Amino acid sequence: MKLTVIGCSGSMSGPHGPASAYLVETQQTRLLLDFGPGAMGQLFTYVDPASIDALVFSHLHTDHCADIIGMQVFRRWYPGLSVPPLPVYAPADPLERTRQIGGDPIEETYASEFDFRQVAPGERLAVGDLRIDLFPALHPVPALALRVTGPNGEVLTYSGDTDVCEGQVAAAKDADLFLCEAAFEARRDTVRGIHLTGERAGELAERAGVGRLVLTHLQPWTDPQVVVGEAREHYSGDVEVAKPGASYLI
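Per the numbering used here, residue 213 is the first one in the sequence shown, and the count goes up by one each step.
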């Protein structure tokens, strides 16, 4: 299983790339986890967008889902393209959210482009030879942590946006790679229930016993060296910060 970072900027697209969007691939399957601003254009750099098998949203804040409209335009208007509706999974109503982003009327269902499915923690999705287990995250809107198991039993966990919760520990348990948000710096950001600091991400990774920690969703004003340093104080394994274009074999 291969993970490619399409975009990883927190809360908005950043000076070096798009907001949250991650491509997971096997020899049989291509899956997108989140699809924030700027992701559609960059996706062309890595794969044919028509080859995506499913899109799973951790939650529906704009920085994680805005480019669904770009995907919709591509799938409806690309000359000669004929593909079945793309399965789109989200913890709140993805059809309503897509209409909001697109500014479209209630008559617009996007039925030729998307197969929208609202899901919840505790469910398991099957996309090709990938299994995605859904766990609760702690965020101001309905949100998920995503545990992706590959064809050989390898595990990638993506935290989505969250603060510390037991759902995150369960989702990341013994994962080979934990792609974990760390938007906040511990000494600067004291608000709770929204995002992790590097410190709390490290604590989660250590509790879950993950093999590798990759910090993501850093806002443009969050210092990567600060959050990595915080994480290393609490997690004994390898820590790094996600960068657009980076890929990981899991």
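Glycine residues also receive a C-beta, built at the ideal position from the N, C-alpha and C atoms.
Treat the numbers as computed from the prediction; the structure is a model and nothing was measured.
Sort the options by Cα distance to residue i and report the nearest one.
i	options	result
H273	M252, Q284, L255, P306	P306
V360	P227, L244, G222	L244
L368	I281, G314, G421	G421
G253	S225, V236, V268	S225
P297	A417, L235, S263	S263
C277	T310, P291, R419	T310
E442	L408, W433, P456	L408
V438	S448, L416, R399	R399
Here's the rule: buried if 16 or more other CB atoms are within 10 angstroms of the residue's CB, otherwise exposed. What is residue i?
i	result
F256	exposed
Q239	exposed
L461	exposed
P261	buried
H228	exposed
E411	buried
D293	The sequence given here places Leu at residue 293; Asp does not occur at that position. Result: exposed.
T402	exposed
P317	exposed
Output needed for residue i: all residues of its chain with C-beta closer than 6 Å, excluding positions within five of it in sequence on either side, in chain order.
i	result
A251	I218, G219, P230, A233, D279
D391	Position check: residue 391 holds Leu in this sequence, whereas Asp was assumed. The residues are Y370, V426, T428.
R329	Y301
P354	P303, A304
A383	F347, A357, R359, T369
What do you reckon, are the CB atoms on residue i and residue j nearer than 8 Å?
i	j	result
D375	I344	no
R287	V295	yes
D435	E393	no
D275	R242	no
R444	G414	yes
P249	H271	no
G372	L358	yes
A349	C377	yes
V268	L337	yes
D388	E366	yes
V381	L356	no
P223	A458	According to the sequence provided, residue 223 is Ser. The question's Pro does not apply to it. Contact flag unset, no.
S221	P352	no
Sorted by chain position, which residues of the same chain lie with C-beta nearer than 8 Å to residue i's C-beta, five sequence neighbours on each side aside?
i	result
G314	I281, Q284, E320
Can you name, in chain order, every residue of its own chain whose Cβ lies under 7 Å from the Cβ of residue i, other than the five neighbours on each side?
i	result
V453	L427, L430, P436, V440
D341	T238, Q240, T241, P363
H446	E411, G414, E415, E418
R404	D375
Please check if any C-beta of chain B sits within less than 8 Å of the C-beta of residue i.
i	result
F396	In the structure shown, chain B does not exist; there is a single protein chain.
Please tell me whether, using a cut-off of 7 Å, the distance from the CB of residue i to the nearest non-hydrogen atom of the ligand COA is below it.
i	result
D275	As far as ligands go, the structure on display features none, and thus does not contain the ligand COA.
TODO: Count the C-beta pairs between the segment 345 to 364 and the segment 312 to 326 that are closer than 8 Å, then say yes if the count reaches three, no if not.
DONE: No: fewer than three Cβ pairs fall under 8 Å.
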